[in-house]
Structures are given as C-alpha cells and as structure tokens.
Amino acid sequence: MATPAKRKFVSADPDKCVGCGVCEYACSAEKEKVFNPLKSRIRVIRLHPLVNMSITCRLCEDPPCVAACPRDALKQSEENGTILVDEDKCNGCGWCIEACDYGAITLHPEKKVVFVCDLCKDKEKPQCVAWCPEEALDLETSETLAQKARITAVKKLFQEALKEETS
Amino acid sequence: MCYSSIKDATINGGNDLFGYAGRILRVDLTSGKIETEPLNEELAKKYIGGIGLGMRLYLDNSKPGIEPFSAENPLVVATGPLSGTMIPTGGNGHAFVSKSPASFGVGEAKAHGAFGTEMKRAGYDAIIITGKAEKPVYLWIDDDAVHVMDAQHLWGKSSAETEDTIQKELGDFYIRIASIGPAGENLVRVACILNEKTRAAGRCGLGAVMGSKKLKAIAIRGTKDVQVAKLDELKDFIKVIHERMKGPAARKYRTLGTPENVLVLNALGALPVNNFTYATFKNADKISGEYLNERFVAKIIGCNSCAMRCEHIVVVPEGPFKGTTTRMEYESLWALGPNCGIDRLDAISKAMDLCNQYGMDSISTGVIVGFAMDLYEHGILTSQDTGGLELRFGNYDAEFELLKKMAYREGIGDILADGVRLAAKKIGKGAEKYANHIKGVELTGYDLRGLKTAALGFAVSFRGADHNRHGAYSPDVKGSVNRFKAEKGRGKIVREIEDMYTIIDSLIVCKFSRGTYYDGFKDLAKYYTLATGYEMSPEELTLAGERINNLGRLINIREGLSRKDDSLPYKIMNVPIPDEGVSKGSHVTQEELDLLLDDYYETRGWTKNGVPTMEKLEGLGMEDLAYIVEAKKIPTETEKASVDAEKTPEEAY
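Keeping their order, the protein sequence lines are chains U and Y.
All residue numbers for the first sequence refer to this note's numbering, where the first residue is 1 and numbers rise by one.
All residue numbers for the second sequence refer to this note's numbering, where the first residue is 1 and numbers rise by one.
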C-alpha cells in the first residue's frame with residue numbers, strides 16, 4: 001500500500017506552464033480517441049497572461065470526493081491513491097464535483113458519470129507528462145513538492161550570495 | 001436578450017472528411033435569420049480552409065464593387081481542417097475575410113490563440129455574417145444554439161473588458177471571444193479584431209467592417225469532439241514536430257522572439273526610421289530584442305495546442321508606465337517605436353497597450369503616426385491642424401494622444417483614421433509623398449529600398465503591403481540573393497514562398513512554425529491527409545497554394561485593381577537611403593519595379609497586366625471563376641493605356 005507521502009500525482013510547475021493545453025489534448029486523445037478538452041482529466045487555466053496552470057487530481061488523503069458520494073460510487077485505490085469510479089453506481093449527481101477543491105473530478109459529457117485522472121495506469125507514464133512541451137508537468141509526491149519549495153525559498157533568500165558564487 | 005436561435009446537426013454531419021466540422025453557419029444581422037448548410041467537400045479540398053476557403057466563400061457570397069461598410073459586404077470567419085486538433089500551432093487559428101475598407105480589395109487577417117479551437121468544437125468551418133444590426137449586438141454561439149444578443153452595454157468597451165463582461169454574464173469562463181474596440185465601432189479603417197485580449201486579426205481594417213455591422217463580438221463555446229482520420233499516425237508525426245520545435249527551427253521564437261529583428265535589420269540598413277526617412281536607428285540598442293528580454297519580458301506563453309510558445313509578455317518594470325502589461329512583437333515595436341523616432345521601450349509598450357485597448361492594428365497605426373509626424377516636421381501639418389499637438393518624431397506623449405484621437409475620430413484623428421492613403425488625399429499639399437502604403441494598406445517594418453525581393457513581394461501582395469503574404473524579405477536578409485539588385489528570377493522566388501504561405505494560412509498553421517516543416521509541402525500534406533483522411537499529395541497541395549493566390553488576385557481584379565496597384569510608395573522609389581553604410585543610396589526605380597513585375601507575372605502565368613490567363617485558370621481547376629477575367633476583357637497592349645486611366649476603387653470614396 002502506498003503511504004500518502006509516496007503517492008505520486010501529476011503536478012504543474014506554474015513557472016514553466018505556458019497555458020498551451022497540449023496536456024488536455026494528450027489526455028482526451030489517449031483516453032477517448034478524440035480531441036476535446038471537455039473529455040480531458042487535466043484542465044488548464046489562464047487567469048492572466050502571467051498566470052497559467054494545469055490542474056488534475058491531487059490524490060488527496062481522505063479525499064473529499066469519496067466522502068461526498070452518497071452512492072458509494074467512489075473509492076480510493078489502496079495501491080496508488082487514484083480515485084476509482086464505479087460507473088454502475090455513479091448517477092452523475094455532482095456532489096463529488098462540488099466537494100473537490102481543484103475541479104479535478106468532472107462529469108463526462110456523454111457517459112454522464114464522473115471521471116478523473118487514473119495516471120494512465122496502462123502506460124509507462126501519464127500521457128500529459130509525456131507530451132508537455134515545456135516539461136512543466138511531472139509526477140510528484142508531497143515530499144518532492146515540499147523539497148522543491150524549500151529549495152526555491154532558500155534560493156530567493158540567498159539570491160545575492162548565489163549570484164556571487166556563480167559569477 | 002435573444003432574438004433567434006437554431007438547433008440542428010452535430011459535428012461532421014454529412015461529411016466524409018474528418019478534421020472539418022462539415023458545416024457552415026450563416027447569420028444575417030438585418031433580418032436576424034440564422035441557418036446552417038453543409039460544407040462543400042470539393043471546395044474544402046480545393047481551398048483547404050482559413051483564408052483559402054474564407055476568400056472563396058467571400059467571393060461566392062458578395063457582389064462586385066460594393067462599399068466595404070455596406071450591409072451587403074459579408075464578413076467571413078473560417079477555421080481550417082486542423083483547428084481543434086493537437087497539431088502544434090495548427091489547432092488554434094482562425095481567419096477573417098471581407099472587402100477591406102483600407103484597400104478596397106480583398107482583406108484577410110488571421111489570429112491565433114484559442115478562438116479557432118472553440119469555433120471548430122462548436123461545429124463550424126466558417127461563419128458568413130451579412131447585413132447590419134439596428135442596435136449593437138453580439139453573436140453568442142453555444143454549440144448548435146446561435147443567438148443574436150444585445151450589446152448596447154458593451155459598446156465603447158475595449159476587447160479585454162468585453163471578454164470579461166461576456167464570460168461573466170453568460171457564466172462560462174471557457175467562452176472564447178473575438179471582438180472590436182472603440183476603433184472598430186468608429187469605423188477606423190485600421191481597426192482590428194482581437195481575441196484572448198492580446199491576439200489580433202490585425203491587418204486590412206476588418207474590425208471596422210465588424211463595426212459597420214454593429215457587431216461588437218462573436219462569443220463561442222464548443223463542446224463537441226474533433227475527430228481525425230488517423231489518430232495514432234498523427235500523434236507520431238506530432239511527436240516528430242514537437243522535437244523539431246525544440247531545435248534550431250524555432251529557436252528565435254522561443255528565445256528573443258521577433259524583436260530579435262531590431263538589431264539584425266539595423267545592421268543591414270533595413271530598419272525603417274522616422275517614417276522611412278532613415279534605414280538605421282542610432283538608439284537601436286535601447287529598443288533591441290536583447291534589451292527587451294533582459295528588462296521587460298516577464299513570461300513567454302503559448303497559444304492553444306502550441307509546442308513552441310512565442311508570446312512574449314512584457315511588463316514595464318519602472319518609470320511612468322510601470323506595470324503596463326502587453327504582448328510585444330517586432331512589427332508593433334518597430335511601428336510605434338523607431339518608425340516614430342521613439343527609443344523608449346516603456347513608451348512603446350504603453351502605445352502597444354493603447355492600440356489593444358482601442359482595437360487598432362499596431363502596425364498600420366504606427367505608420368499613420370509616423371506619417372503625421374513626418375508631415376508636421378515638413379510643415380504640411382501645423383499645430384493648428386493638430387489641435388496643438390506637437391507631432392515631432394520621438395514625442396511619445398503626442399503619439400498616445402494621437403492614438404486616442406484616431407480611435408474616437410477627434411480632430412486630426414478623424415482624417416488619419418482613414419489610413420495614410422485617404423488621409424494624404426484629404427490633406428493634399430504633397431502629403432502623398434509621405435504616405436507609406438501599398439493598395440491603401442500601410443507598410444510593415446522592412447525598408448524595401450534595400451530589400452528588392454521583398455519589394456516585389458510587398459508590391460504584389462493581394463492584401464496590400466505586408467510581409468506575411470510572401471516572406472520575401474527572407475532571401476534578402478539571409479543573403480541568398482543580392483538584395484540591392486532587381487533581376488529576373490525574383491518572381492519565381494516570391495511565387496514559391498507565396499504558395500507556401502497561402503497554404504500555411506489556409507490550413508491554418510502559424511508562420512512561426514514554418515521552419516519546422518523540413519519537407520515543406522510534404523509535411524503539410526501529411527498533416528492534411530492524417531487529419532482529414534483524404535490522401536493529399538504534396539503536389540496537389542502546392543497547386544492549392546497557387547490556386548489560392550490566384551483567387552486573391554481574382555477578387556482584386558473583380559474589385560477593379562490591376563497592375564497599377566502593384567506599386568511601391570513614393571519614398572521607396574524616389575528617395576535613396578541616406579544613411580552611411582551598406583545600403584546607402586539604394587532605392588527601387590520604376591524600371592526595376594517593372595522588370596520585377598513582368599518577371600513575376602510571367603512565372604505566375606498571368607498577362608502583362610497581372611491578370612490570370614484562361615489556360616492558367618483551367619490548369620488550376622478554376623474555370624468556374626473565368627467570368628471574372630472575361631468581364632474585365634483582358635486588355636491588349638494598346639488598350640492598356642485606357643485601362644490605366646480607369647478610376648481606382650478608392651476614388652469613389
């Protein structure tokens with residue numbers, strides 16, 4: 001069983017993400033054999049030219065989507081932490097959509113049941129990660145993200161000292 | 001408020017070609033009538049999409065000689081067979097086509113971003129808008145449901161404000177919008193149509209055509225699937241192009257961006273300064289792409305589906321314009337900067353932002369400001385004419401003020417808002433010698449006096465002065481030809497790039513990606529085949545490129561344009577480059593222009609007067625358009641003189 005700290009999920013580096021949406025096309029082409037962002041498990045948002053980011057399932061611990069489902073249609077995989085949808089039980093009521101803070105679980109426009117990132121479990125790696133032209137997407141754990149954040153913070157604090165060292 | 005709506009077919013309805021939506025939307029703003037019709041597959045294969053299909057639909061749905069601002073002038077917007085797919089740069093474009101209020105010939109302008117993807121997913125290859133609304137309206141296309149909405153509350157707003165307002169009132173963040181600003185509403189002949197706030201279908205004044213229809217915006221939300229014929233093979237090919245886009249073919253756009261041109265052209269003595277007075281700029285370093293990237297560029301972002309990302313977002317870091325955020329490309333930087341003698345990037349960024357706020361093509365606008373400054377410096381315009389505005393070269397405050405006067409047609413701005421050709425005519429006193437335009441469309445940032453292949457490309461471009469119809473500056477700048485010489489053979493060079501460029505604009509892929517198609521038409525034909533399922537050979541696609549160039553020419557012929565309109569501005573032909581350096585003394589003589597035109601017409605299979613012959617039209621499968629040539633009675637040499645004396649279309653104005 002994957003402990004929460006080791007669960008790998010797809011995360012976008014906002015400094016690298018340019019808002020191109022290639023991840024959306026890669027996902028819908030892989031999963032649905034069509035190009036359609038509405039059928040993508042990862043979605044990109046551009047709030048401002050400088051503010052771009054792709055978002056998908058974070059594999060939360062104690063996932064609110066699972067807790068919100070009144071029909072027990074959702075459960076979290078013990079193996080890798082992804083959210084498993086029982087399409088027979090789901091009736092598309094949308095409680096899970098409302099519960100998710102990231103807009104990561106959505107209603108399939110045709111099947112009328114919810115769908116969510118499964119990390120492309122049959123592939124070597126998630127196709128959004130494989131296709132991202134900016135290498136902005138990666139499989140991260142809460143631990144690797146925290147490490148990156150620490151390094152960035154310390155870099156900022158010691159900007160001047162680092163400059164001197166490299167020059 | 002909703003006037004009418006439709007519900008019908010789904011995407012790809014009744015069509016064997018994948019990639020295309022298979023459907024055309026017609027909206028008449030006078031009657032409010034909205035209908036759809038299937039896409040004619042033969043037309044799609046022959047004219048591809050984008051400007052090709054758009055121009056053909058324009059031609060078939062318009063009468064000759066109409067006034068660009070009349071209700072009967074259709075405005076066409078078209079996507080291509082690749083729109084809405086994952087093809088890098090190919091997924092996101094759209095093209096507007098109409099009769100240009102600047103050239104009075106065919107006007108076309110493309111933009112990228114995401115509007116085109118949404119239009120395809122809504123299920124339309126093209127939208128043909130005719131008529132005129134009584135009050136300001138906007139189109140709300142919600143997949144199959146099409147509504148004409150009240151836009152009185154949007155009138156006067158910028159495109160950015162319009163987008164925010166529409167997304168909010170319709171309650172959907174993913175709605176994509178193409179709209180006009182105040183300049184389009186006020187029928188400014190250089191008004192553009194903006195989408196995603198910073199992407200402009202800029203040239204030919206098509207924003208004013210939209211304004212004449214009282215159409216503020218087209219808002220689209222599309223939720224349908226875009227299906228291609230051979231998904232796996234297409235994905236493999238896209239992977240190859242992605243890799244190429246990481247390499248040298250896209251380096252310029254991924255690093256310094258188009259502003260790299262500043263120092264390149266300056267070194268060649270080909271950077272137009274002070275309204276094409278000089279060809280070098282003493283303060284080029286202060287406005288270079290290098291300096292811009294070091295101090296101003298905050299992030300480089302990408303259009304939908306793109307794997308190159310080129311959009312350099314500038315944030316002014318300090319000074320009076322601190323915080324100004326805008327997209328910046330070479331052409332805008334040049335037009336609003338050195339062409340007006342302005343050497344401050346913060347002021348240029350501010351002017352660019354103002355152009356977007358008002359909704360004006362930054363290239364034409366900058367050339368108009370430079371023209372006005374030139375007239376002022378020469379005493380042709382006085383401070384009395386300008387309402388006290390000190391229109392000296394370098395005066396950026398005056399530039400800002402003039403942009404506003406143009407957008408709202410106040411004082412001198414009212415005259416200048418018609419573009420340099422018509423303004424020069426009104427001002428008189430020899431002003432036309434300072435008017436840098438071809439076919440009424442303002443020049444772009446290349447000093448054609450020392451770039452003679454480019455000079456030919458600009459002269460024959462069917463949408464008027466423009467570098468993006470032919471890219472013929474490239475052999476000049478790269479040095480693969482002697483750029484100071486006019487000689488036979490340049491016609492073929494221009495023709496070949498033109499045919500490629502019309503395909504690029506019809507598919508639609510981005511010009512910045514052109515270097516990644518190592519095998520040229522073969523690569524582009526592969527895209528077409530894999531997306532649509534129709535086996536397109538490189539030869540057939542090349543022929544389509546030629547066909548579309550002939551189509552542009554035919555529309556112009558129908559509208560009364562001829563060889564005499566394939567001209568160059570006075571300064572390019574009569575004032576040699578004065579700057580010390582490599583290009584000193586260079587200019588294009590009438591004799592040289594005639595030689596270049598003769599050579600070009602010959603390689604195109606056109607008559608001496610620039611009219612496609614019947615044999616040429618038959619060879620291109622365009623017999624159905626022979627009536628245009630027949631109506632004009634191809635003049636013999638003896639008749640030519642009387643043809644030359646004919647009234648030009650803009651004279652009616």
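Glycine is no exception: its CB is placed at the ideal position from the N, C-alpha and C atoms.
Within-8 Å CB hit, residue i to chain Y
i: U/Asn-52; result: yes
i: U/Leu-107; result: no
i: U/Tyr-25; result: yes
i: U/Phe-35; result: yes
i: U/Lys-148; result: no
i: U/Glu-98; result: no
i: U/Cys-20; result: yes
i: U/Pro-126; result: no
Cβ-based burial, residue i [other Cβ within 10 Å; buried from 16]
i: U/Ala-146; result: exposed
i: U/Thr-152; result: exposed
i: Y/Leu-422; result: buried
i: U/Arg-150; result: exposed
i: Y/Glu-290; result: exposed
i: U/Phe-9; result: buried
i: Y/Asp-361; result: buried
i: U/Leu-157; result: exposed
i: U/Val-51; result: exposed
i: Y/Ser-642; result: With a pLDDT of 46 at Y/Ser-642, under the threshold of 50, the modelled position of that residue is not reliable, and the figure given next carries that caveat. Y/Ser-642 comes out exposed.
i: Y/Gln-384; result: exposed
i: Y/Tyr-501; result: buried
i: Y/Leu-554; result: buried
i: Y/Phe-173; result: exposed
Top-ranked residue by Cα proximity to residue i, from the options
i: Y/Leu-448; options: Y/Tyr-278, Y/Lys-157, Y/Arg-463; result: Y/Tyr-278
i: Y/Gly-370; options: Y/Ala-435, Y/His-147, Y/Ala-249, Y/Ala-44; result: Y/Ala-435
i: Y/Val-27; options: Y/Ala-109, Y/Val-494, Y/Leu-215; result: Y/Leu-215
i: U/Ile-55; options: U/Ala-99, U/Gly-81, U/Arg-43; result: U/Arg-43
i: Y/Ser-567; options: Y/Asp-598, Y/Pro-578, Y/Arg-547; result: Y/Asp-598
i: U/Glu-134; options: U/Lys-6, U/Cys-23, U/Phe-115; result: U/Cys-23
i: Y/Asn-574; options: Y/Asp-565, Y/His-587, Y/Asn-261, Y/Ser-562; result: Y/His-587
i: Y/Ile-508; options: Y/Ile-628, Y/Arg-254, Y/Leu-43, Y/Tyr-47; result: Y/Tyr-47
i: Y/Thr-258; options: Y/Cys-310, Y/Phe-296, Y/Thr-162, Y/Pro-248; result: Y/Cys-310
i: Y/Thr-130; options: Y/Ile-548, Y/His-242, Y/Ile-34; result: Y/Ile-34
Any chain U beta carbon closer than 8 Å to residue i
i: Y/Ser-305; result: yes
i: Y/Thr-85; result: yes
i: Y/Lys-252; result: no
i: Y/Ile-301; result: yes
i: Y/Thr-198; result: yes
i: Y/Leu-231; result: yes
i: Y/Lys-235; result: yes
i: Y/His-378; result: no
i: Y/His-112; result: no
Nearest-angstrom Cα separation, counted from residue j out to residue i
i: Y/Glu-233; j: Y/Thr-117; result: 21 Å
i: Y/Ala-9; j: Y/Asn-304; result: At Y/Ala-9 the pLDDT is 37, less than 50, meaning the model places this residue with poor confidence and gives no usable figure here.
i: Y/Glu-623; j: Y/Met-55; result: 17 Å
i: U/Ala-12; j: Y/Ala-284; result: 38 Å
i: Y/Gly-605; j: Y/Pro-612; result: 6 Å
i: Y/Tyr-3; j: Y/Ile-87; result: In this prediction, Y/Tyr-3 has a pLDDT of 39, which is less than 50 and means its spatial position is unreliable; nothing more can be read from the coordinates.
i: Y/Tyr-376; j: Y/Arg-409; result: 19 Å
i: Y/Ile-557; j: Y/Lys-405; result: 35 Å
i: U/Lys-16; j: Y/Asp-142; result: 32 Å
i: Y/Ile-6; j: Y/Pro-38; result: Any reading at Y/Ile-6 must be qualified, since the residue scores a pLDDT of 39, below 50, and its modelled position is unreliable; the value itself is stated next. So the alpha carbons of these two residues sit roughly 15 Å apart.
i: U/Ser-28; j: U/Glu-87; result: 18 Å
i: Y/Ile-572; j: Y/Ala-459; result: 11 Å
i: Y/Gly-667; j: Y/Thr-85; result: No answer is possible for residue 667 of chain Y: the residues shown for chain Y start at 1 and end at 653.
i: Y/Val-240; j: Y/Gln-227; result: 20 Å
i: Y/Gly-366; j: U/Pro-37; result: 38 Å
Whole-Å CB distance - residue i paired with residue j, under 8 Å assumed
i: Y/Glu-331; j: Y/Thr-444; result: 6 Å
i: Y/Ile-24; j: Y/Phe-115; result: Not quite, the Cβ-Cβ distance comes to about 17 Å (not below 8 Å), so this is no contact.
i: U/Leu-107; j: U/Gly-94; result: 6 Å
i: Y/Phe-321; j: Y/Lys-350; result: 4 Å
i: Y/Leu-206; j: Y/Ala-133; result: Incorrect: roughly 17 Å between the Cβ atoms, too far for contact.
i: U/Glu-32; j: U/Lys-39; result: 5 Å
i: Y/Gly-222; j: Y/Arg-121; result: 3 Å
i: Y/Gly-181; j: Y/Ser-159; result: 5 Å
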